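Residue 152 in the working numbering is what sits at position 122 of the sequence shown, and the numbering runs on without skipping anything.
Here a beta-carbon is modelled for each residue, glycine too, at the ideal position from N, C-alpha and C.
Quick caveat, the model's predicted, so the values are computed rather than measured.
Structure, as structure tokens:
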Amino acid sequence: MKNNIKEFDAEPFDLTKILNSVQSFSLQNSPQEKVLVILGATATGKSSLALKLAETLDTEIISADSMSVYKNFNIGTAKPDAQELKKIRHHLINILEPTEKFSVAEFVNRAEKIITEINLRGKIPIVVGGTGLYIQALIEGYKFKDAAKSQEKIFSDTGKLKYNALVIGLTANRQKLYERINERTKKMFDAGLVEEVQKLLSAGVSPNSQAMLGIGYKETVEYLQGAATLDETISKVSQATRNFAKRQLTWYRRMKYIKFFNVE
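Quick look at the structure:
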């Protein structure tokens with residue numbers, strides 16, 4: 031990946047321009063259900079933008095994050111806080127116990143129903159998250175053998191969208207992105223990530239549960255088990271998150287319909 035991600039042909043982030051695009055999109059007539067999508071690499075400000083747009087459109091947010099579905103996993107997932115959740119209705123957040131499993135098929139099955147319900151009320155739902163597979167599977171209409179049991183895709187019309195979708199992507203040059211990731215990682219630990227993980231373990235959550243294997247959680251478990259110092263753990267989480275961001279950006283390159291904006 032190049033230092034400046036020119037492959038995306040990203041424009042400078044301009045909130046006014048984005049708001050105008052969204053307003054124009056909202057006025058379009060379409061036989062398809064509408065959906066607004068905000069995606070991007072970790073720490074690029076997706077949630078903040080989604081909240082602003084949800085207020086503008088007076089609508090609701092559907093989380094496309096494989097970790098935010100779990101109850102009590104808050105700090106390490108950068109989940110919206112209680113005030114934000116109260117201000118704007120969010121879907122697919124805090125819906126599962128840590129012992130439960132979640133898959134792309136289950137996400138698509140649930141999100142499709144929510145999108146239909148919100149459209150029927152005359153609103154445009156906002157799907158926001160960084161899990162590229164989840165979002166691509168949803169808006170391109172992937173089909174699965176059994177949404178409850180299988181993640182195996184049996185049909186995909188890649189590139190042809192199931193919805194009338196405006197897909198906005200947030201990106202940054204590598205140095206800036208890494209700085210944002212490192213800063214966010216430090217803030218998570220300052221906010222009490224170690225204490226959150228300790229509380230989850232004390233409540234009986236297994237270190238081997240799907241939820242506890244997420245970035246930030248598994249490294250913190252290792253720290254609590256004495257396998258690393260706190261500084262080493264913070265460094266590990268930052269590195270793992272940077273690697274994840276690179277995988278996210280690689281995934282988005284296959285989604286040619288994304289309109290990218292470069293954040294500062």
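Cβ-Cβ distances below 8 Å link Q53 to T86 in the same chain, with the five nearest sequence neighbours on each side left out; the list follows chain order.
Scanning the region 112-195 from its first residue to its last, the whole alpha helix (DSSP H) runs of 4-plus residues come out as 112-117, 134-150 and 162-169.
Note on D95: 16 or more other CB atoms within 10 angstroms of its CB, so buried under the neighbour-count rule. Closest option to Y100, judged by alpha-carbon separation, among D39, N203, Y253 and P128: P128. The closest CA to that of I288, considering only E170, I118, E136 and E90, is found on E170. Where K64 is concerned, the enclosing beta strand (DSSP E) starts and stops at K64 to G70. If you compare the alpha carbons of V251, N124, L45 and L81 with that of S232, the shortest gap goes to V251. Secondary structure note for S77: it is in no beta strand (DSSP E), and the uninterrupted alpha helix (DSSP H) holding it is K76 to L87. Residue environment: K266 is assigned as buried (16 or more neighbouring CB atoms within 10 Å of its CB, all protein chains considered). Pairing Y253 with Y247, the inter-Cα distance amounts to about 10 Å.
Just so you know, the alpha carbons of I145 and V67 end up roughly 12 Å apart. Taking a contact to require three or more Cβ pairs closer than 8 Å, the region 267-276 and the region 211-218 qualify as touching. Close CB contacts of I105 within its chain, under the 7 Å cut and outside five residues either way in sequence, are with M218, A221, G222, L223 and E226 (chain order). Look at F291 here: in three-state DSSP terms it is strand. Counted as a single uninterrupted DSSP element, the alpha helix (DSSP H) harbouring I48 occupies residues L45 to L57. By the C-beta criterion, the region 123-139 is judged to be in contact with the region 155-175, since at least 3 inter-stretch pairs fall below 8 Å. The three-state secondary structure of E41, taken from DSSP, is strand. Counted as a single uninterrupted DSSP element, the stretch harbouring I92 is not any alpha helix (DSSP H) but the beta strand (DSSP E) occupying residues I91 to S93. Straight-line measurement puts the Cα of P155 at about 6 Å from the Cα of I148. Restricting attention to beta strand (DSSP E) runs no shorter than 3 residues, the region 225-279 encloses none.
L200 is bridged by DSSP to G70 and F291. The Cβ-Cβ distance between Q278 and T72 falls below 8 Å. Counting the other CB atoms within 10 Å of its CB gives K76 a total of 16 or more, which places it among the buried residues. Excluding residues up to 5 positions away in sequence, I68 lie with their Cβ nearer than 6 Å to the Cβ of L79 in the same chain.
The secondary-structure analysis by DSSP pairs Y100 across a beta bridge with L126. By the C-beta density criterion, S93 is buried, having at least 16 other C-beta atoms within 10 angstroms. For N203 and K276, the gap between their C-alpha atoms comes out near 11 Å. Collapsing the DSSP output to three states places K216 in a helix.
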